[in-house]
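Notes for the one structure printed next.
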Amino acid sequence: MDIDGDVNGSLSQALSCMATDDRDVIVKQFQQIIGDSHYAPPEACAFFLDMNSWNLQAAVGAYYDYGSMNGIGLPPPEYVTRLPSMQFVQDITIGEGESVPPSTRFTKTWRLRNSGKESWPIGCFLSYMEGEKLSDSTRMAVEPLAPGWEIDISIEMVSPAEKGIYQSRWQLNTESGIPFGGKNSHDFSDTQRTVPCTGQVTQ
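Per this note's numbering, residue 7 is the first one in the sequence shown, and the count goes up by one each step.
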């Protein structure tokens, strides 16, 4: 019996079922594949994923190649970067209980704080992740932010035309596309020809 072939085939099949563009999800899938006995923190997983252009199969292979040398599969300490920290402060526009008429252009603004001890690096950006696509823009540059400082981030959106419940998720990322902080999201529900809009962040 070709055990190596069976293992490789099973791994390839499992990886093929995990296709997604959400990098936060890919990091969790990476951790799921390597299992509890080879735990790696999110920043280590992101390191191997980033060096392999976020190809999950290639990143897992690189992890085990390096892990065979250091026993735990972690990248060299000099290559591990501490991820920025973010705390949601409040909705500046379209907060809980406010309404927007259907098919109406509006500006959604979140106020966020750098809750860490280091400045946000150059090149960070806010990107659309999943859910209802309420904006023509899918990516917006975010300026470096000193520890303890706050910033207002705004996105032009258009409310849905039909009645229903909608959600649009947005994520802060480093320049290399590694997600950090919570996910900025919008919940929309239309029951009386207006669209109540509730902005929130899920941690």
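No residue lacks a Cβ here, since even glycine has one placed at the ideal position from N, Cα and C.
Since I believe residue j is in contact with residue i (beta carbons under 8 Å), could you give me their beta-carbon distance rounded to a whole number of angstroms?
{"i": "T115", "j": "S133", "result": "About 17 Å; that fails the 8 Å criterion."}
{"i": "C130", "j": "L55", "result": "Not quite, the Cβ-Cβ distance comes to about 18 Å (not below 8 Å), so this is no contact."}
{"i": "A52", "j": "I184", "result": "4 Å"}
{"i": "E156", "j": "V95", "result": "6 Å"}
{"i": "M92", "j": "S121", "result": "6 Å"}
Tell me where the alpha helix (DSSP H) around residue i begins and ends.
{"i": "R29", "result": "R29 to I40"}
{"i": "L55", "result": "P48 to M57"}
Please classify residue i: does DSSP put it in a helix, a strand, or coil?
{"i": "M163", "result": "strand"}
{"i": "V148", "result": "coil"}
{"i": "G101", "result": "coil"}
{"i": "I128", "result": "coil"}
{"i": "Y85", "result": "Because Y85 carries a pLDDT of 47, less than 50, the predicted location of this residue cannot be relied on, and the following value inherits that uncertainty. Helix, per DSSP."}
{"i": "G187", "result": "strand"}
{"i": "L140", "result": "coil"}
How long is the line joining the alpha carbons of residue i and residue j, rounded to whole angstroms?
{"i": "T99", "j": "V66", "result": "42 Å"}
{"i": "L151", "j": "L140", "result": "27 Å"}
{"i": "P48", "j": "Q37", "result": "8 Å"}
{"i": "P127", "j": "G187", "result": "14 Å"}
{"i": "Y70", "j": "A64", "result": "10 Å"}
{"i": "Q173", "j": "P166", "result": "10 Å"}
{"i": "G154", "j": "P90", "result": "12 Å"}
{"i": "A147", "j": "F112", "result": "19 Å"}
{"i": "S182", "j": "A50", "result": "14 Å"}
{"i": "E149", "j": "D28", "result": "23 Å"}
{"i": "I32", "j": "G41", "result": "14 Å"}
For the beta strand (DSSP E) holding residue i, just list the boundary residues, first then last.
{"i": "L132", "result": "F131 to G137"}
{"i": "T115", "result": "R111 to R119"}
With a threshold of 8 Å (Cβ to nearest heavy atom), would residue i be considered close to the ligand FAD?
{"i": "M163", "result": "Absent from the structure shown: the ligand FAD. Ligands present: none."}
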